[in-house]
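Peer 1: Residue numbers (the working numbering): 1 to 55. Even glycine gets a Cβ: it sits at the ideal position worked out from N, Cα and C. Predicted model, so just to flag it, every value in this text is computed and none were measured. One structure, pasted below without further comment.
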Amino acid sequence: MGIPRIIFLSIVEWLILLIILVIVAVLMEKTTLALNSVAAPLFLLITARNMLKEY
1 MGIPRIIFLS IVEWLILLII LVIVAVLMEK TTLALNSVAA PLFLLITARN MLKEY
């Protein structure tokens with residue numbers, strides 16, 4: 001494989017994050033808890049940045 005594992009794993013992590021963000025966006029339309037819907041993706045993005053910094 002020409003793709004290094006670290007890059008591949010980070011791409012997979014970002015794809016998972018995007019899927020989660022889409023799910024959260026859909027839930028926001030059906031839910032009145034806007035604060036929770038906004039806080040969740042922000043928390044995920046912060047943790048993802050910390051994970052990427054470790055590599």
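1. Taking the alpha-carbon positions, what's the residue 51 to residue 21 distance?
2. Are residue 39 and residue 13 close, meaning C-beta to C-beta below 8 Å?
3. Take residue 42 as the anchor and find which of 11, 25, 10 has the nearest alpha-carbon.
4. Below 8 Å on the Cβ atoms is my guess for residue 17 versus residue 44; work out the distance and round it to an integer in Å.
5. Cα separation between residue 15 and residue 53?
Peer 2: Put simply:
1. Here residue 51 refers to the residue found at position 51 of the sequence shown. Here residue 21 refers to the residue found at position 21 of the sequence shown. If I take the Cα positions, the gap works out to 17 Å.
2. Start at 1 with the first residue of the sequence shown, and residue 39 comes out as number 39. Start at 1 with the first residue of the sequence shown, and residue 13 comes out as number 13. Going by C-beta atoms, residue 39 is not nearer than 8 Å to residue 13.
3. Within the sequence shown, residue 42 is the residue found at index 42, counting from 1. Here the closest residue by C-alpha is 25.
4. On the sequence shown, residue 17 is found 17 positions in, with the first residue counted as 1. On the sequence shown, residue 44 is found 44 positions in, with the first residue counted as 1. Indeed, because the Cβ distance is near 6 Å, the residues count as touching under 8 Å.
5. If you number the sequence shown from 1, residue 15 lands on position 15. If you number the sequence shown from 1, residue 53 lands on position 53. Computed Cα separation, rounded: 17 Å.
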